[in-house]
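Novice:
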Amino acid sequence: MKVQSVLINWNYNMTDIKNYKLLPTGIDSFTEVISKNKYYVDKTLYLKSVFADDGSAVLLFTRPRRFGKTLLMNMFADFLRIKDNTENEEHTTSVDNTILFKDTSVMKDATFVKKHMGQYPVIFVSLKNVKGDNFTEAYENLAEEISNLANDFNYLLESDSLSDIEKRKIARLLDDEYLKDQNNKSVLTSSLKVLSKSLYKHFKRQTIILIDEYDVPLAKAAEKKYHDKMVTLMTSFFDVLKSTPSNTTRYSAPVFKVVMTGCLKVAKNSIFTGVNNVVVNTVLDTQSQFTSIIGFNKNETEKLLDDYNLADYKNMVRENYDGYRFDDAEMFCPWDVINFVSNNYKHKLNHQEYKIKPDNYWINTSSSEILKDYVGYLSSSVTQRLQDLVDRKTIEVCVNDSMNYDALKLHDPDDFFSLLLHTGYLTAVGNTSENNYTVKIPNKEILDCFKANIKKAFDDSLTLGSDKKAESLATDFLEGNTAEIVKTLNSLLSSYVSIRDLATKSKPEDFYHGFMSGIFTVSDRWIKEYKSNFEAGNGYADISFRSSDMSRVAVLELKSSSTEKDIKNVAEKALLQIEEKQYAREFLELPTVESVMIYGIAFFNKQCFIVSKKVL
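Heads up: the sequence shown begins at 31 in the working numbering, then just goes up one per residue.
1. Mind checking who L586 pairs with in its DSSP beta bridge?
2. My guess is that L101 and V289 are in contact by the Cβ rule of under 8 Å, so how many angstroms apart are they, rounded?
3. Hey, how far is the Cα of I476 from the Cα of C363?
4. Could you tell me the alpha carbon to alpha carbon distance between H257 and I200, rounded to whole angstroms?
5. Can you name, in chain order, every residue of its own chain whose Cβ lies under 7 Å from the Cβ of M264, other than the five neighbours on each side?
6. Which partner residues of Q637 appear in the DSSP bridge assignment?
7. For A251 and D245, what's the separation of their Cα atoms in angstroms?
8. Can you give the Cα-Cα distance for K161 and K537, rounded to whole angstroms?
9. R576: buried (16+ other C-beta within 10 angstroms of its C-beta) or exposed?
10. So, for Q637: in the same chain, excluding its five sequence neighbours on each side, which residues have a beta-carbon less than 8 Å away from its beta-carbon?
11. Classify H381 as buried or exposed, calling it buried when 16 or more other Cβ atoms lie within 10 Å of its own Cβ.
12. Which same chain residues, not among the five before or five after V217, have their C-beta less than 6 Å away from its C-beta?
13. Among the candidates V296, D352, S322, whose CA atom is the shortest distance from the CA of D431?
14. Given a cut-off of 9 Å on the beta-carbon distance, is the pair F142 and L240 in contact?
15. Pick from D389, M361, T274: whose alpha carbon is nearest that of N327?
16. When every heavy atom of the ligand MN is checked, does at least one fall within less than 8 Å of the C-beta of I515?
17. With distances taken from CA atoms, which of T74, L340, I195, N563 is nearest T128?
18. Grab me the residues of I64's own chain with a C-beta within less than 6 Å of its C-beta, minus the 5 sequence neighbours each way, in chain order.
19. Output needed for E559: all residues of its chain with C-beta closer than 8 Å, excluding positions within five of it in sequence on either side, in chain order.
20. With DSSP collapsed to three states, give me the class of R202.
21. Of all the options K68, I640, V641, which has the alpha carbon lying nearest to the alpha carbon of D337?
22. If you draw a straight line from the C-alpha of S191 to the C-alpha of H232, how long is it?
23. For F545, which of T518, L53, D114 has the nearest alpha-carbon?
24. Shortest alpha-carbon distance to S177 belongs to which of E207, N159, Y185, Q212?
25. On the three-state DSSP scale, how would you describe A249?
26. Taking all protein chains shown into account, decide if K387 is buried (16 or more other Cβ within 10 angstroms of its Cβ) or exposed.
27. Where does V429 fall in DSSP's three states?
28. Confirm, please, whether the CB-CB distance from G325 to G98 is below 9 Å.
29. Can you give me the start and stop residues for the alpha helix (DSSP H) that Y230 sits inside?
30. Who pairs with M290 in a beta bridge, going by DSSP?
31. Give me the residue from L294, K378, K158, Y351 with the minimum Cα distance to W647.
32. Just verifying my parser: in three-state terms, what is the DSSP assignment at Y338?
33. Roughly how far, in whole angstroms, is the beta-carbon of V136 from the beta-carbon of L334, given that I think they are within contact range, below 8 Å?
34. Under the assumption that L449 contacts L438 (Cβ atoms under 8 Å), give the Cβ distance between them as a whole number of angstroms.
35. Got a sec? Which residues, its chain only, sit under 7 Å from E426 by beta carbon, not counting five neighbours each side?
36. I need the DSSP call for E360, collapsed to helix, strand or coil.
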């Protein structure tokens, strides 16, 4: 039924749409992309940069999520993997790798292709599912991942090149229940070493190891408070990195190269102890041969738009999804661009340009759990810098490019901004000195994500974490303690990040109204009949509420002052408005009400001025 609806509603010629390749939305398999004739942005030339004989034996690439890391790693595996001459699904595909790569750029280098295509046993493991609410869950997920991985190489059990002892080691890796028993931890942690050595002996060729999302186990462990145990486990697990040529004699090493991807560069003394010559490429590095390896650069993005007849929307795409700078390259998030094209090129074919619009595709893919942990620990100066970012300004930060996830619990501001940078909320636009960078929110989409995630965390802290302040504020408003109200509000304002957008026409009062409403949403235990923007007297009052016993009332009128000098006058005008428009009249007429306080409150930036009057 759904398909019929599409056919009925679209007026474009089906021949026209067949001229366009399907887009690989959410597909990480290179084989699937090519064999199903989906659109592919060619990154195959980077095989030469990564797997050159004189390159580093251990490479780590860190980029934000949804930038195409997994597809890149799958492409590496499909190009390099040697056939095992079995029916194993992992290594026997319906499409030969020479066919998969026949139209790609790397095939122009016949010498490289002859030397490297299909010449290596490849171990490709993703750690994205190695997580859990506790260490045991995460441990068992790793065990299951390794058991599935070992099953890809079960043909080794029949290898004439392996001893019975070596085959028994492989057999133990195939038993997931055995691996899940933490008494057998050494078997689990040595799994990559066992597999790489066995493959080396079987094929008489060095192995390549690809590890995707290498830092997920540590990130999730830090969130769930079992980081130390996970570091111990992963340090042993990554011991295989010492089996590379940079750590042993080049031709006796069972592993030719290890390539890893993740979001953050974890400090070497955390899990890479004893591993030499690890080359790390982050969003800040200036290694030009890797600048555009992950993500779409400007030319790739514009070609994609041209190919789908959306060239007229380059500015729209740039405003919403551009803004990242990796070294000197202008970069786009592939997830965004592909989704934009996929959702809109049919509108263009159907001459319904009015339907073409930029959606937010990143907001549901980003993780902000660790960021939320910082809320409540950042100083007012830090929250002011966050405010500057929301207002589309640049700020100066000291970036920690090598972090321990567990150190994030110390809530260091430098780590906070470093985390924002490496997870894609910020991008560097300048390097003022070593480790000091000028950063900004890259584009409109991320600004919306910033507001929704980072700012929401501050809002939650303001409301959920401020019960005592909310209670005291409610009491002070009802009792007329104006000085205490000013003190409390200024304290809360100093750590509150607004979502005001300089490009919108919304009134400044709207922000402050939201701020006050956020406070009183957790005050229902101490106040009753909270009203906001309601009809009263001869107009609409901003806020009113009554005490829990209904005997006392507070009526508030909020204003924004354009200058600090005028803040007192603005507050007095707000109070006068309450009186002239009789906002408190209905309460004054109730026999059960014993006290009515009215307040004119003026705000300027993150400070307030209040005048009050007891009218009953």
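The beta carbon of each residue, even a glycine, is placed where N, CA and C say it ideally should be.
Note that the structure is a prediction, hence the values are computed from the model and not measured.
Specialist: On the basis of the coordinates in this document:
1. I573, Y629
2. Rounded, the Cβ-Cβ distance is 14 Å, inconsistent with contact.
3. 11 Å
4. 29 Å
5. P247, L248, I301
6. F634
7. 10 Å
8. 45 Å
9. buried
10. N520, L523, E594, I597
11. exposed
12. R202
13. V296
14. no
15. M361
16. Of the ligands one can find in the structure shown there are none, so the ligand MN has no counterpart to examine.
17. T74
18. L130
19. S574, F575, R576, M580
20. helix
21. K68
22. 5 Å
23. T518
24. E207
25. helix
26. exposed
27. coil
28. yes
29. 221-233
30. L90, I241
31. This structure leaves residue 647 out entirely; the chain is present only between 31 and 646.
32. coil
33. About 20 Å separates the two Cβ atoms, so there is no contact after all.
34. 7 Å
35. T462, N466, T468
36. strand
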